[in-house]
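Residue numbers (my numbering), protein chains in the order written: chain A, 1 to 127; chain B, 1 to 241.
We put the CB at the ideal spot given by N, CA and C, even for glycine.
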């Protein structure tokens, strides 16, 4: 019996495969954090809680993983409402973010079915 | 709506409880889903930024139109230092309003960049500087004209503020498929105040009536700001796949 052909590798991910295979990014929550930090440069801890929908302890763990990999930096800032944790993407994290968005753009072109981030946005509508 | 109740409706949040021990490589479909989630979050930040923008402009409009209407009489007989102080206060107000405008604009650009995946940062910075330049030019023109004639200065200000409506409409429509309710209220009340104040200025030549008509926009934008901030968390759930 001839061997079954391998499922074709998703186009666009080949160049970012090494990045996603690294330990810090082998987790959807951490990838999501990096995507959002890439566009916003820095976010507060409460905003990241809103983004990820995880618990505080879980989020702290993910941020520690990203910081250990050098993708983000956390610092305490003092605001009118008291001390707050701010998370900022580093230059290295920015490179990873650019790889991710490049892969997303190529995935969108390869799929050609409108299921890209742009296609998703086009479907958004205010009720 | 509280953030917790909005979160209860979420369906696109990443797997809860994911830890190092359960990590798996993110595949193409999941990467797309995560980008969609980031997009929803950006919509939430954007609507929140718009809420702050409306509130700051509501406060600024009080300073632009209500306070001068109240001070019009006393200011005519005021010493030079009081007039200088008054104009310094107006400049500070304009600076604050421009900052709020640039912040809301920056959030818009970031959201659109994520959605469209690839607009160069250089392009976004150039557009921001263009808008900042236009704002400063308008402010300088209004002040220059108002020194010659307070009537003409107010009329020029009215026309210039009409440009703000266009900027708001452009920014809102560049992201939202349908203009959100607070956007409709903001545009409608602002347009009403511009037209009404110009009419009041021409037919009554009264700064008091001029300021009174602008309370329509002040109340409208205050409402829009509060509405946007209250409903911003809905962006995370209303359009979740």
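Does the CB of residue i have a neighbour CB from chain B at under 7 angstroms?
i	result
residue 107(A)	yes
residue 37(A)	no
residue 51(A)	yes
residue 9(A)	In this prediction, residue 9(A) has a pLDDT of 47, which is less than 50 and means its spatial position is unreliable; what the coordinates show is noted afterwards. Taking Cβ atoms only, chain B never reaches closer than 7 angstroms to residue 9(A), which makes this a no.
residue 69(A)	no
So with CB distances below 8 angstroms, who are the chain A contacts of residue i?
i	result
residue 104(B)	The premise fails here: residue 104(B) is roughly 14 angstroms from chain A at the closest Cβ pair, so nothing lies under 8 angstroms.
residue 26(B)	20, 25, 26, 27, 28, 31
residue 96(B)	Ordered by position in chain A, no residue passes the 8 angstroms Cβ test against residue 96(B), which lies about 16 angstroms from the chain.
residue 87(B)	Those within 8 angstroms of residue 87(B) in chain A number zero; the least Cβ separation is about 29 angstroms.
residue 64(B)	Going along chain A, no residue has its Cβ under 8 angstroms from residue 64(B), so there is no contact; the nearest lies around 26 angstroms.
residue 210(B)	Those do not exist, as residue 210(B) stays about 34 angstroms from chain A at its closest Cβ, beyond 8 angstroms.
Within 7 angstroms of any Cβ in chain A, is that where the Cβ of residue i sits?
i	result
residue 110(B)	yes
residue 55(B)	no
residue 182(B)	no
residue 190(B)	no
residue 237(B)	no
residue 47(B)	no
residue 2(B)	Note that residue 2(B) has pLDDT 34, beneath the 50 cutoff, so the model's placement of it is unreliable and no number is given.
residue 223(B)	no
residue 38(B)	yes
residue 160(B)	no
residue 229(B)	no
Cutting at 6 angstroms between CB atoms, please list the residues of its own chain near residue i, excluding the five before and the five after it.
i	result
residue 192(B)	216
residue 100(B)	53, 56
residue 21(B)	Any reading at residue 21(B) must be qualified, since the residue scores a pLDDT of 41, below 50, and its modelled position is unreliable; no value is offered.
residue 40(A)	none
residue 26(B)	none
residue 97(A)	34, 38
residue 45(A)	85
Is the beta carbon of residue i sitting closer than 7 angstroms to the one on residue j?
i	j	result
residue 104(B)	residue 49(B)	yes
residue 58(B)	residue 196(B)	no
residue 38(A)	residue 89(A)	yes
residue 87(A)	residue 43(A)	yes
residue 60(B)	residue 39(B)	no
residue 182(B)	residue 228(B)	yes
residue 43(B)	residue 225(B)	no
residue 59(A)	residue 49(A)	yes
Who are the near neighbours of residue i in its chain, counting only those whose CB is closer than 8 angstroms to its CB and skipping five residues on each side?
i	result
residue 65(A)	23, 24, 27, 30
residue 83(A)	76, 77
Please compile the residues from chain B whose C-beta is within a distance smaller than 9 angstroms of the C-beta of residue i.
i	result
residue 103(A)	28, 31
residue 64(A)	Those within 9 angstroms of residue 64(A) in chain B number zero; the least Cβ separation is about 10 angstroms.
Under 7 angstroms Cβ to Cβ from residue i, same chain only, skipping five residues before and after it: list those, please.
i	result
residue 80(B)	none
residue 92(A)	70, 71
residue 209(B)	200
residue 67(A)	73, 74
Taking residue i and residue j to be in contact with their CB atoms under 8 angstroms, please state how far apart those CB atoms are, rounded to whole angstroms.
i	j	result
residue 32(A)	residue 34(B)	5 angstroms
residue 236(B)	residue 41(B)	7 angstroms
residue 34(A)	residue 32(B)	Not a contact, Cβ separation roughly 15 angstroms.
residue 108(B)	residue 45(B)	With a Cβ gap of about 10 angstroms, residue 108(B) and residue 45(B) do not count as contacting.
residue 214(B)	residue 66(B)	7 angstroms
residue 194(B)	residue 62(B)	Not really, about 16 angstroms apart at Cβ, beyond 8 angstroms.
Taking C-beta pairs closer than 9 angstroms, name the residues in chain A that residue i reaches, listed in chain order.
i	result
residue 203(B)	Simply none; closest approach about 38 angstroms.
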